[in-house]
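Down below is the structure, laid out as structure tokens.
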Amino acid sequence: MTSPSNDNGGRASPPCPICNAPPAQDYVPFCSKRCADVDLHRWLSGSYAIPAEEDDSEGASTMEDDS
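First residue of the sequence shown? That's 1 in the UniProt record's numbering, and the numbers climb one at a time after it.
The following block contains the structure:
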């Protein structure tokens, strides 16, 4: 059983999202500076991306108006 953390009402903190180790107080939600840096690199390199769909309806109406 995990020990409760003092900063979230006695509930256990979720594990590090990179390596699943218990989080360190200085790097929450990560367990270390290394895992925090790995996560930052993933965001900056584009590994994490929010999928988006282009709205073709607006572009189609402008093309029809040009004729």
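Note that beta-carbon positions come from the ideal geometry of N, C-alpha and C, so glycine has one too.
Here the structure is a predicted model, which is why all the values come from computation and not from measurement.
Spatial neighbours of residue i within its chain, please: CB distance less than 8 Å, with the 5 preceding and 5 following residues excluded, ordered by chain position.
i, result
"Ala24", "Phe30, Cys31, Ser32"
"Tyr27", "Lys33, Cys35, Ala36"
"Pro48", "Here the sequence assigns Tyr to residue 48, which means Pro is not the residue at that position. Only Arg42 meet the Cβ criterion."
Go to residue i, then tell me how far its alpha helix (DSSP H) extends in each direction, as first and last residue.
i, result
"Ser45", "33-45"
How would you call residue i, buried or exposed, if buried means at least 16 neighbouring beta carbons within 10 angstroms?
i, result
"Cys35", "buried"
Would you kindly check if the distance between the Cβ of residue j and the Cβ of residue i is under 7 Å?
i, j, result
"Ile18", "Asp37", "no"
Who are the near neighbours of residue i in its chain, counting only those whose CB is closer than 6 Å to its CB and skipping five residues on each side?
i, result
"Cys16", "Pro23, Phe30, Cys31, Cys35"
Could you tell me the distance, in whole angstroms, from the CA atom of residue i to the CA atom of residue j?
i, j, result
"His41", "Glu54", "27 Å"
"Ala21", "Ala52", "32 Å"
"Ser45", "Asp56", "28 Å"
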